[in-house]
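Mapping of the sequence shown onto our numbering: residues 450 to 841, in sequence order.
We treat Cβ as the ideally placed atom computed from N, Cα and C, and that holds for glycine.
Data block below; observations after.
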Amino acid sequence: MIVHNAGGIWGHTGAEALAIKAGKICDVGFADALRDKWQAETELDAQGLLITPGFVDAHTHPAFATGRAEEFDWRAEGADYLEIAKRGGGILSSVAHVRDASLDHMIAICTLNFKRMLKHGTTTCEAKSGYGLSLESELKSLEAIKVGGERAGITVVPTFLGAHMIPSEHRDNPQVYVDLLCDEMLPAVKEQGIAKIADIFIEDGAFDIVQARQYCQAAVDLGFELRVHADQFNNLGGVELACEFGAQSVDHLEALSDAGLECLAMSDHTFAGLLPTVPHFLRQKVDAPARKMIKAGVKYFIGTDFNPGSSYTPSLIEAAHFARVRLCLSAQEAIHGVTAGAADSLGLGESKGRIKVGHDADLLLLNLPDFFHFGYAFGENPVVKVILGDKI
Ligand SMILES: [Zn+2]
């Protein structure tokens, strides 16, 4: 297939056409030259729209059983994170619903959530479990993520987040749950074979740094890659730990210290996950120091953190807008954050996130006048068409 008459192709100044063969990008240039060379049977007129890589969302939580809209009202009445948890909301309310839900229900919800993402241009998505917090419910969530991704037709990277929170039955003795995670749950997830990445939430009220070290060591020993939630509200040393273990990414970072920033800048492996819709959704004033990080050479991506409690958006366009407004990123930096940066952070930089010969033809046609308009408007979806291989 040849796609011609593009208003611009990301990463290829002056080019207006590209060729796709067997699901891969095989050429970029001018339409006539591509027609002569590739003899394509089908052509798609891009009608002057911009072409970008399909978006890569490297931080999402789609495996919940129901939304938490009632908490949004409680927050409007002034309840904070802790107060909401006390009133029966928060992560543990999602846990109760996921434990009660059937696999079929979980698959239906995951499929729906992935379709919502795809509609907004996300063609690859990292998807965490973490609302089950028991072996059975976590394996069910990972199965739902896998099947949901297949049904929605997007590429999914499943992540085990059994270390999202201490479940209520272990509140009085959290160490029992940490040992359970390390000795039983991680090995069982490894055996199930769906998730190759393990994640942990290092925060007051979730896991402390000693527990996190035990979990990360157990995960690495079993051959998992790591991703880490850290420095969201409090700095517990999670960034330093993530860098020490060579985690793929450490995400949130609103409470990042100078020492943590230095660790990230020195790391040639660990990406900073910027999730700018979260402080907005939680009415926090403090944002991650993204400009300082970029200036220091920290590798980064922008994610939605799509979840029912602290960032209920499936749209990376929206996340890019907040990255531009609250984190002061340029349009170019925002596009990088939702494409190549995110793909690289997941170890998918050789197939996703770039318009490059040999890469998967996951492409978007965007209704924007030029790339400077990326993340400028909000509340609008500029995605006109999604191309996945040979399918439009
Ligand atoms: Zn998260």
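Report the three-state DSSP secondary structure of residue i (helix, strand or coil).
i: K801; result: coil
i: H701; result: strand
i: N756; result: strand
i: Y530; result: helix
i: H718; result: coil
i: E457; result: The residue asked about is misnamed: residue 457 is Gly in this sequence, not Glu. If DSSP states are grouped into helix, strand and coil, G457 belongs with the strands.
i: T604; result: strand
i: H546; result: helix
i: T762; result: coil
i: T788; result: coil
i: V477; result: strand
i: G611; result: strand
i: F682; result: coil
i: F750; result: strand
i: F656; result: strand
i: L778; result: coil
i: L582; result: coil
i: L723; result: strand
i: Y825; result: coil
i: A739; result: helix
i: D819; result: coil
i: K734; result: coil
i: G831; result: The question names Gly, yet the displayed sequence has Pro at residue 831. Of the three classes helix, strand and coil, the one that applies to P831 here is coil, per DSSP.
i: P623; result: helix
i: F694; result: coil
i: V596; result: helix
i: H569; result: coil
i: Q663; result: helix
i: P616; result: coil
Does the separation of the CB atoms of residue i and residue j fall below 9 Å?
i: L493; j: G478; result: no
i: L685; j: I651; result: yes
i: V606; j: K645; result: yes
i: I458; j: I469; result: no
i: A534; j: Y580; result: no
i: G838; j: G598; result: no
i: T491; j: I804; result: no
i: L705; j: A667; result: no
i: A679; j: L710; result: no
i: F504; j: H569; result: yes
i: A661; j: V638; result: no
i: I649; j: H613; result: yes
i: E618; j: L584; result: no
i: Q697; j: L567; result: no
i: D506; j: C559; result: no
i: L765; j: V787; result: yes
i: R600; j: F563; result: yes
i: A708; j: A721; result: no
Check each candidate in the options and name the one with the smallest Cα separation from residue i.
i: F694; options: L713, L813 and D754; result: L713
i: F827; options: S794, E674 and A772; result: A772
i: V833; options: P728, T571, I651 and F513; result: T571
i: S586; options: S542, K639, A791 and R548; result: R548
i: D809; options: E829, L797, N816 and T608; result: L797
i: T719; options: F730, F750 and D707; result: F750
i: V747; options: L723, H822 and T762; result: L723
i: L812; options: I603, S716 and G672; result: I603
i: D754; options: H729, V774 and C777; result: H729
i: E465; options: A576, C475, L498 and A489; result: L498
i: V659; options: V806, V627 and V596; result: V627
i: R620; options: E782, A507, F656 and L567; result: F656
i: A780; options: N816, F823 and G802; result: F823
i: P511; options: S578, L531 and A489; result: S578
i: G537; options: H554, N816, L731 and E519; result: E519
i: F821; options: G802, L765 and A783; result: A783
i: V774; options: D793, G807 and R740; result: R740
i: Y761; options: K486, C475 and H508; result: H508
Just grab the DSSP bridge partners of residue i for me.
i: L493; result: V452
i: L675; result: A647
i: E575; result: V606
i: T509; result: A576 and F755
i: A468; result: I451 and D476
i: P502; result: L812
i: I836; result: L812
Does ligand 2 have a heavy atom nearer than 8 Å to the CB of residue i?
i: N756; result: No copy of ligand 2 appears in this structure; the ligands present are ligand 1.
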